[in-house]
Structure formats: structure tokens, C-alpha cells
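Residue numbers for the sequence shown follow numbering that gives the first Met the number 0, beginning at 0 and rising by one. The beta-carbon is built from N, C-alpha and C at its ideal position, and this holds for glycine as well. The structure appears right after this line, and notes come after that.
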Amino acid sequence: MFVKKFEAPSLEQALKMVKSEMGPEALVLSTQERRSGKLFSRRFIEVTAASESKRENKKAPQIEKNNPQVNLAEVFPERKNNVKYFTKPSPHENVPVAKSKVERYVDIEPDSLPGFQTAQVILKNETVKYEAGFKGMGISNEHATQLAKRMLHDFSKTDLSNPSFLAKAKTKVLTVGLRTLSPGEFFKRADWIPIGISGSGKTTALVKLAILAREQEKSVSLVSMDNRKVVGRTELSGYARLIRVPFFTEINHANPEKLKLIDCPALNLTEGDNTTLEKLALERSSFIVLDASSRLSELMRQVQKAMVFSPEAIAFTKLDSVHDRGVIYDVLKMTQLPLLGISLSSSFKTKFKFFTPSELAQFLTKE
């Protein structure tokens, strides 16, 4: 009789060892728990088993290493009849090579998905609807599309279906990106020069700003430096006496501590001379004066010419003859300059008005 002891971490593992080595007919004589070592002991199970004879392990078949196909057939006898011996063709032998068909993987186009085209059509129709509203304000096609898409992105269709909410949403999207110059910032400067073409309303804007300064109890002087326009100088002098504001024909004669509003020669859009204007604008604050009744292309031509003087803001005049006020939005967005203010008409009955960005947006949407 053959007797042997087996050690394993658990009884189940020990019995598996007995069965695998001594066979299923082995007899378990004893099982007991033991610990190895004294300081760092490890628990294990000791099983003593016996069998009539020692089980002989069958040797694995010897596989011939030289011929892999033959060896494979010996290991798997059921495939013996299907063994195909492969011999490497001679380099001079023409062997036909079967070309595998190249599969072309085509990405799924979103337009081909069911329902996608319908959603795109609905979105396009919604965008066109809101675009029309902004275009009706006189805003250019490019900016109208951007504003319409922003509305659809920021607000739900349910909210936009409410007319009162739609008006507020328009004001909100128009406010984004608009900048204005506050009255406090304007009156902090010592000198201001308007830059604009002849007939843009520079002189009227200066007089209205002087009236506004007087109402806010600010010290202000009017200065005429347009030597080529005698009638304009006389006219400005008369306005100064009318509103009780000091008038000068030289900047040095004015009180340096007072705000000086300086009338200067008109901006020449051709290759003519703007030397006098350049000297006056040097080291002085300037703002562009634009006639809002002009076309956007003409206004941008004036702005491009005036940018060499580093203007700090833009003022618009003659808004009383303009139905579509969207041109103001286009100019401000394209130049990224803040709005100084607006002179509604050439009449002195209407004041020069400053705006906050939200007030400007409400003014643009007002019918």
C-alpha cells in the first residue's frame, strides 16, 4: 500500500491534490490543521492518503520537432486525414496569388440618418424667422444670422414663442459685445476732438455736449480750430454766447483746468491733407462722428480713414431721419469701439444722449 501526505492552504485544495496524484480511489486516512514556524506562522491543512499502488503519470507523446504538420497529426489524430503538407515554392516558380477584396468602410453621414434632415429643416426655418426680425432692424445679414443662432442656443422655443419674452431675448443678445462710454469717463478728459467728414454733425454734437456739461455743472469751453470755415467759427461763437460757455480760437487761451471741446477741420477721405487734424489729435482724446443716415459701406470707409487718429469712441448723429437703427450695431461690432452717445437730430431741442449697453440694445429694438 502506498501512503503520502499532502499540504495545502485549504482542505478542498488538499483533496484535489490527492485525487489528481493518487486517483479517485485513494483512501483519506487523516486530516489535521497545522501551522508552520513560530514567529510568523502560516496555517495549512495536512491530509494523509493511501492507495493500493502508486499512480504512474502517463508520459506525453514525443513530438517530432522537424515536421510540425506530422506532430500536429499525432497530437490530434482526428485531423490526420485532413493534414495538408505545405512546401515553400521555389523563387523561380510562378504561383498565383489570390487577391483579397478590399472592403471600403463608409462613414455614416448625419444627413442620411432618419429624422436628421427634418430637424435640420426645422432649425433652418427657425433661424430664418429670427434673422428676418434682426434684418428688419437694419442689421447686416452676417450679424443677423449670428444673433438668430445665439437666440436659439440660449433660449427655448417655448419661451421664444411668447412675444414679451422674445422682445427681452432680443435685447439680451444685442447687449452681448456692445460697449459704451459713460458720462463720468467722458468728463474726466481734458480735451475732446470730433473726427468726421463735412456735414456729419460735428459742431452740433460739440454744442450739445457743452449744454450737457453745463447741466451737470462741469466747467467747459468751446474752441474753434477750423481756420478754413469762417462761417462755422462765427456760428460756434454764437452758440457759445447763447449757452453761456467760454469761446476761444486758440487752445492755449482756454483754461487748462476746464474741459475743452475743440472743433476741427473735416476729415478728408481722399489722399488730401489731414495734417492739421493730425496735429490737433496728437495727445488729445478724439471720437468719430458718423451720420447714421449713411449706408454701412460709407460709414466703414469713414471709420477706416479715422482710425489713424486712434479714436476712443463713436458718436452717431441725425437719427431722426433713420428708420432702421441696426447700422449702429453693425458699426460698433465691426470696430469694437464703445459708443459715446447719440444726437437724435440737428435741433438743439433734443439733447445728446449717453447709453448703457442694455439701454442701447433697447433703443435699437424700439420701433
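- About 6 angstroms separates the beta carbons of residue 254 and residue 220, which is inside the 8 angstroms limit, making them a contact pair.
- With fewer than 16 other beta carbons inside 10 angstroms of its own, residue 23 counts as exposed.
- Taken through DSSP and simplified to helix, strand or coil, residue 35 comes out as strand.
- Where residue 190 is concerned, the enclosing beta strand (DSSP E) starts and stops at 190-194.
- Under the DSSP assignment, residue 327 falls in the alpha helix (DSSP H) whose first and last residues are 325-334.
- For residue 329, the CB contacts under 7 angstroms within the same chain, skipping 5 residues up- and downstream, are 138, 139, 142 and 295 in chain order.
- In this structure, the straight-line span from the alpha carbon of residue 207 to that of residue 301 is close to 22 angstroms.
- The criterion of a C-beta distance shorter than 7 angstroms is not satisfied by residue 224 and residue 268.
- DSSP places residue 164 inside the alpha helix (DSSP H), whose first and last residues are 162-174.
- Ranked by Cα distance from residue 7, the options 31, 21 and 0 are led by 31.
- Spanning the alpha carbons of residue 201 and residue 165 requires a straight line of approximately 37 angstroms.
- In this structure, residue 356 lies near residue 174, with their beta-carbon atoms less than 7 angstroms apart.
- One thing to note: residue 288 has its Cβ no nearer than 7 angstroms to the Cβ of residue 265.
- For residue 210, the closest of 198, 243, 172 and 273 by C-alpha to C-alpha distance is 243.
- A Cβ-Cβ contact shorter than 7 angstroms links residue 312 with residue 339.
- For residue 217, no beta strand (DSSP E) run applies, since DSSP gives it neither H nor E.
- For the pair residue 236 and residue 246, the CB atoms are nearer than the 7 angstroms cut-off.
- A straight-line Cα-Cα distance of about 35 angstroms links residue 351 and residue 151.
- If you draw a straight line from the Cα of residue 323 to the Cα of residue 146, it is about 17 angstroms long.
- Beta-carbon to beta-carbon, residue 204 and residue 342 are separated by about 5 angstroms, close enough to satisfy the 8 angstroms threshold.
- With a threshold of 16 other beta carbon atoms within 10 Å, residue 136 meets it and is buried.
- CA-to-CA, the gap between residue 188 and residue 258 works out to about 7 angstroms.
- The criterion of a C-beta distance shorter than 7 angstroms is not satisfied by residue 44 and residue 25.
- Membership of residue 7 in the beta strand (DSSP E) is indicated by the continuous run 1-7.
- For the options 42, 9 and 48, the alpha carbon positioned closest to that of residue 21 is the one of 48.
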